[in-house]
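**Q** A single structure is presented below for examination.
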Amino acid sequence: MLKMFLTSVLNLFRKPATHLYPFEPYEPFEDYRGRIVWNEEKCTFCMRCEMVCPPGAIKIMIMEDDTKRWLWNPAQCIYCGECVRNCPFGALTQENQYSPPLDKSNKRDWSEIEREAERLKLLWRERLRKKSQAKKSS
Amino acid sequence: MDFLLPASLLVLSPLIGGLLEGTFRKLNARMQNRVGPPIVQPFYDLFKLLQKRPILINNYHVIMAYAHLVAMVIALATFLLGGDFLLVIFFHGMSLALLSMGAYGVRSSYSQVGATRELLHILAVEPVLIMIAANLYLNTGTFLLSEIFNSNFLFKSMPLAFLALVAVLPAKLKKSPFDVSEAHQEIIGGPEIEYSGPFYAPIYLAKWLEEVLSAGLIAMFFLGNPVITLIAISVTFTFVLAVDNSTARLSYWDMVKYTWEISIPLVLVNLVLNYVGVL
Amino acid sequence: MASESKNKTREIQIKEKVYTTIPFGSQHVALPEPIKFIFDTENEIVKEIKFDIAYVHRGIEKALTTMFDFRKAPYVVGRVCGICSAAHTIPCAVVMERAIGIDREIPDRAKAIRMIALEINRLQSHFLINGHLAEVCGYENVFMHIWRDREMIMDLADMLFGNRVQYDVVCVGGVNRDIPKDKERVLLDKLNEIEKSVEFMEKIFTKDRTLVSRLKGLGVVSKEMALEYGIVGPMARASGVKTDCRVEDDWGLYKDLGFEMVTMEEGDSLARCLVRVRECYESIRIIREAIKSTEEGEISIKVTANPKYEAVCRNEAPRGELFYYVKGTGGIMPDRVRIRTPTLANIPILPEVMKDVSYNDIPPLLMSFDPCIACTGR
Amino acid sequence: MKELPPEKGIRNFSVIETTLEKIREKIREIYDPKKVHYIGVDAYDDGNKMEIRYWFLKKESNVVLLVKAPFDYGEKVPSISDIVKPAFVQEWEIADLFGINIEGRVENFFLTPESPRAPLRRGDKLGK
Chain A
1 MLKMFLTSVL NLFRKPATHL YPFEPYEPFE DYRGRIVWNE EKCTFCMRCE MVCPPGAIKI
61 MIMEDDTKRW LWNPAQCIYC GECVRNCPFG ALTQENQYSP PLDKSNKRDW SEIEREAERL
121 KLLWRERLRK KSQAKKSS
Chain B
1001 MDFLLPASLL VLSPLIGGLL EGTFRKLNAR MQNRVGPPIV QPFYDLFKLL QKRPILINNY
1061 HVIMAYAHLV AMVIALATFL LGGDFLLVIF FHGMSLALLS MGAYGVRSSY SQVGATRELL
1121 HILAVEPVLI MIAANLYLNT GTFLLSEIFN SNFLFKSMPL AFLALVAVLP AKLKKSPFDV
1181 SEAHQEIIGG PEIEYSGPFY APIYLAKWLE EVLSAGLIAM FFLGNPVITL IAISVTFTFV
1241 LAVDNSTARL SYWDMVKYTW EISIPLVLVN LVLNYVGVL
Chain C
2001 MASESKNKTR EIQIKEKVYT TIPFGSQHVA LPEPIKFIFD TENEIVKEIK FDIAYVHRGI
2061 EKALTTMFDF RKAPYVVGRV CGICSAAHTI PCAVVMERAI GIDREIPDRA KAIRMIALEI
2121 NRLQSHFLIN GHLAEVCGYE NVFMHIWRDR EMIMDLADML FGNRVQYDVV CVGGVNRDIP
2181 KDKERVLLDK LNEIEKSVEF MEKIFTKDRT LVSRLKGLGV VSKEMALEYG IVGPMARASG
2241 VKTDCRVEDD WGLYKDLGFE MVTMEEGDSL ARCLVRVREC YESIRIIREA IKSTEEGEIS
2301 IKVTANPKYE AVCRNEAPRG ELFYYVKGTG GIMPDRVRIR TPTLANIPIL PEVMKDVSYN
2361 DIPPLLMSFD PCIACTGR
Chain D
3001 MKELPPEKGI RNFSVIETTL EKIREKIREI YDPKKVHYIG VDAYDDGNKM EIRYWFLKKE
3061 SNVVLLVKAP FDYGEKVPSI SDIVKPAFVQ EWEIADLFGI NIEGRVENFF LTPESPRAPL
3121 RRGDKLGK
């Protein structure tokens, strides 16, 4: 009781411990697991990151003209860094910055993307199958 | 002049009360090593409450909230305009009783439990105030505050009564260790729980007025030099806040027990000492 | 006719004891977790208790067998509970390793880092619950101070593992990241500061008269009762039951580092609280020893096989014994995963203890049991 | 910790197999609050048959014990909560998760009334 009383009165003359966040910027630690950055040049689209991602926040879309797109959902990502560790080519890195807040400009309908990716993947498999068949027959 | 100062204090009392409440919060936060809200935060709260959508439970419940405010205003007005001190005590007790009557008017069990505890608050606080009034009468020969206010530095003759007042202030202002009727972690605000939006605003306002009334009660003991009065008020309130921040909540029986075992004997001793002529 | 019905109502009133019913939850200030108690009280003394925990079943056991392969499992179970995330990921990883058959090959450094993660987790959980306990006693100031100091531990976890809450440092086969030398030094420095705040906490909980008067003799669980109801963790240790999975299971290096169990005899809320405070000292000591005893080196092994055996792992979460069972069939997903959380073991005794306690003592009593309903629901 | 050979597919616990009729006697035989710690109840469904499993810990030797008994779908399972007092919570839980008809169970103890029935059941589905 007395201890807390003294602490309370002395606290009046101490600097408060509150961090007034938006006014005082908050520096993340050096190794903070923040947003995932993709390096297009190194990526070979091996799909390993998509496979190991626990929540399924990475999707690779294989378009009908065989161009590939790497998509990452910052809202679904749990920032475990499993994709970065498993990337054989070092195409993925993890920054120590927070991912930006989602608003209208960068928010996407992820379920739509997932469905689209599944559909395109089926088409791609079909194409591969046809190609290998053509190879065999030739 | 005699009328102007009290009247202007009465008119300004919501403003003073709001600032007092804001200062309390700020001090409270600083004692907990936080920054705390701005001092005008209570006014923001009040305006926000008034803007909210009214949700009426029943008429009786709401009328009691306003009656609570009105009784508190009358108590404060009587006090500031120099009425009878007993009247102040009765109206103060009545306003608390009205609050608990309103709380009994709804089916929420938190509200009901809180109302019972609120009545225990009256049981704890009012006898001490009445004893202080008796002591005042012994010293000044009157219950009329306009005449009591003319006396100089009453603290000299009744220090123990002042200590008794400080001892019941936590119960009166609903601060730890005796915030049993609010008891946020048990009954979530008790009698106030079912009030919302604009219907909570009168109770919120009454709380400010109660703080002004408490400040007035403290000032009563230190009249004469305005600087000393202000210092006395701020030191007492800081002390009460520091006690608030250094105790856990005790049970409701403890509250009644402590006030009756400590505050009332203190006033009684003071009474006897005054009667004998030591003080 | 009228008088007859009047007599009837009077009879009913005499027959049925009328209690004031006070609901507690499913959302309540004292316990912001989805559990509902209904107390029938008489003069604020609790006479009858009903409880309901059917709010937050998330089907994680099912998800582990149908949606996520075993490598992802530690990340999934980390989300069972935010407060004891590391405590869940470790036994999950261990039980998978045992089901694969590689648990003997885990390097010591990985074990040490797992222990550090678990003990930091325990520290912050104990700080959290003790602060919360002070708050429900109406002691906001102690709550603020303890939680301010808890922030230090959170920052420590942030620095070491890259996140404040979800450490995600444990994976099947070892750990994800090592603790380099410079971070070790910062960790040791910070531990001294944390030790000071534990001392502060101990002083408050042993010396502060109002707080002690609230908690002393509240909700006494005798040793016989504790054994009979099979309660676990700090609650059991506060009643004098010598049980701690850190020495009973062998996934870590606790036995080698000379772990000392903290037990008390009183079995009341204060004892439960003090056991937690004293465990904080032990945790700090274990972290220091763990850093000292191992060098930087191999932190994980390659996992090539799938889980094919049945295995169990018991781990001491901050709240008590955590039990994991896995049945692997050689496929990528296990056949059955069973998670027995500590709160599930501590719930059956609650109605017994709460009987005939004044309602204003219920929140501290409940918080001294440290219930985590999110874990329980899974 | 006693380790059974990996050929049996079990690591670090020992198993006592029994039948549904005998399970209460078996547990009464084993269980003594001073020497045996009750861990939990579990069930297992392989698609054809169900199994009820009780987990215990022998305190002296730190050996985890599994007492299990197979039974058919829809069979009434005896409760052991009079022998092992805290067992009722987890019994009701698995009763909800597997749709097992355990004595004295409370419906919707762990699941809300709107959730799917018996989500962990494999064969003989109960439906919504």
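For the record, the sequence lines run as chains A, B, C and D.
The numbering of the first sequence is this note's numbering, which starts it at 1 and goes up by one.
The numbering of the second sequence is this note's numbering, which starts it at 1001 and goes up by one.
The numbering of the third sequence is this note's numbering, which starts it at 2001 and goes up by one.
The numbering of the fourth sequence is this note's numbering, which starts it at 3001 and goes up by one.
All C-beta atoms, glycine included, are put in the ideal place defined by N, C-alpha and C.
1) Could you check whether the Cβ of C/A2087 sits closer than 9 Å to any Cβ belonging to chain B?
2) At a CB distance below 8 Å, what residues from the region 2347-2363 of chain C approach chain D? Give them in sequence order.
3) Can at least three beta-carbon pairs, one atom from the region 2255-2268 of chain C and one from the region 2285-2294 of chain C, be found at a separation below 8 Å?
4) Pick out the complete alpha helix (DSSP H) segments inside the region 1178-1212 of chain B, 4 residues or longer, and give them in chain order.
5) When you compare the CB of B/L1163 with every CB in chain A, is at least one pair closer than 9 Å?
6) Answer with buried or exposed for D/Y3031, where buried requires no fewer than 16 other C-beta atoms within 10 angstroms of its C-beta.
7) Is C/Y2281 helix, strand or coil by DSSP?
8) Taking Cβ-Cβ distances shorter than 7 Å, what residues in chain B pair up with A/P54?
9) Straight-line CA distance for B/T1078 to B/H1092?
10) Are C/G2233 and C/G2320 touching if we call contact CB-CB under 9 Å?
11) Answer with buried or exposed for B/M1001, where buried requires no fewer than 16 other C-beta atoms within 10 angstroms of its C-beta.
12) Look up A/L71 in the DSSP assignment and give the residues it is bridged to.
13) In chain order, what residues of the same chain lie with their CB nearer than 7 Å to the CB of A/C49, ignoring the 5 residues before and after it?
14) For the beta strand (DSSP E) containing D/M3050, name the first residue and the last one.
15) Find out if the Cβ-Cβ distance for the pair C/P2318, C/F2051 is shorter than 9 Å.
16) Please state if the CB of B/V1113 and the CB of C/P2140 are separated by a distance shorter than 9 Å.
17) For a cutoff of 9 Å on Cβ pairs, would you count C/M2144 as touching chain B?
18) On the three-pair Cβ rule with 8 Å, is the region 1254-1268 of chain B touching the region 1116-1133 of chain B?
19) Output needed in chain order: residues of the region 2024-2051 of chain C with a Cβ under 8 Å from some Cβ in chain B.
20) Assign B/T1259 to one of three DSSP states: helix, strand, or coil.
21) Apart from the five residues just before and just after C/D2149, which ones in its own chain have a Cβ nearer than 6 Å to its Cβ?
22) Which same chain residues, not among the five before or five after D/V3041, have their C-beta less than 8 Å away from its C-beta?
23) Counting only beta-carbon separations shorter than 9 Å, does B/Q1112 have a partner in chain A?
24) Note down, in chain order, every chain C residue with its Cβ under 8 Å from the Cβ of D/G3040.
25) Measuring only between beta-carbons, confirm whether A/S105 sits less than 9 Å from chain B.
26) Distance check for C/D2335 and D/F3013, CA to CA, integer angstroms please.
27) Looking at chain D, which residues of the region 2047-2078 of chain C have a Cβ within less than 9 Å of any of its Cβ atoms?
28) Does C/C2375 come out as helix, strand or coil in the three-state DSSP assignment?
29) Keeping to the same chain, check which residues put their C-beta closer than 8 Å to that of D/I3016; ignore five residues upstream and five downstream.
30) Within 10 angstroms of its Cβ, does B/A1007 collect 16 or more other Cβ (buried), or is it exposed?
31) Opposite D/N3101 in the DSSP bridges: which residues?
32) State the CB to CB distance for the pair B/E1126 and B/I1089, rounded to an integer number of angstroms; the pair is presumed to be in contact (CB under 8 Å).
33) Since I believe B/A1206 is in contact with B/M1064 (beta carbons under 8 Å), could you give me their beta-carbon distance rounded to a whole number of angstroms?
34) Looking at chain D, is there any beta carbon in it that lies within less than 9 Å of the beta carbon of C/G2267?
35) Among B/L1086, B/F1222, B/A1215 and B/E1261, which has the Cα closest to the Cα of B/T1142?
36) For C/D2103, is the classification buried or exposed, using 16 other Cβ atoms within 10 angstroms of its Cβ as the cut-off for buried?
**A** In terms of the structure at hand:
1) no
2) I2347, P2348 and I2349
3) The region 2255-2268 of chain C, when compared against the region 2285-2294 of chain C, does touch it at the 8 Å Cβ threshold.
4) 1184-1187
5) no
6) With 16 or more Cβ atoms within 10 Å of its Cβ, D/Y3031 is classed as buried.
7) Helix.
8) The contacting residues do not exist; A/P54 stays about 37 Å from chain B at best.
9) 10 Å
10) With respect to C/G2320, C/G2233 sits close: the two C-beta atoms are nearer than 9 Å.
11) Residue confidence is low: B/M1001 scores 45 on pLDDT, short of 50, so the model does not pin down where it sits. Its coordinate-derived value is still stated next. Its Cβ having fewer than 16 others within 10 Å, B/M1001 is exposed.
12) A/K59
13) I58, C83, N86, C87 and L92
14) M3050 to K3058
15) no
16) The identity of residue 2140 of chain C in the sequence shown is Glu, whereas the question assumes Pro. Not closer than 9 Å, so no.
17) yes
18) yes
19) H2028, V2029, A2030 and E2044
20) helix
21) S2197
22) Counting only Cβ-Cβ distances below 8 Å, and skipping sequence neighbours, we find I3052, R3053, Y3054, W3055, A3087, Q3090, E3091, E3093 and I3094.
23) No, its Cβ sits nowhere closer than 9 Å to a Cβ of chain A.
24) F2323, R2338, R2340, L2344 and A2345
25) no
26) 18 Å
27) D2052, I2053, A2054, Y2055, H2057, G2059, E2061, K2062 and T2065
28) helix
29) Excluding sequence positions up to five before and after D/I3016, its CB lies within less than 8 Å of the CB of K3026, I3030, L3065, L3066, V3067 and K3068, all in the same chain and listed in chain order.
30) exposed
31) D/K3076
32) Yes, they are in contact, since the Cβ atoms of B/E1126 and B/I1089 sit about 6 Å apart, within 8 Å.
33) Between B/A1206 and B/M1064 the Cβ distance is about 11 Å, and since that is not below 8 Å, they are no contact.
34) no
35) B/L1086
36) buried
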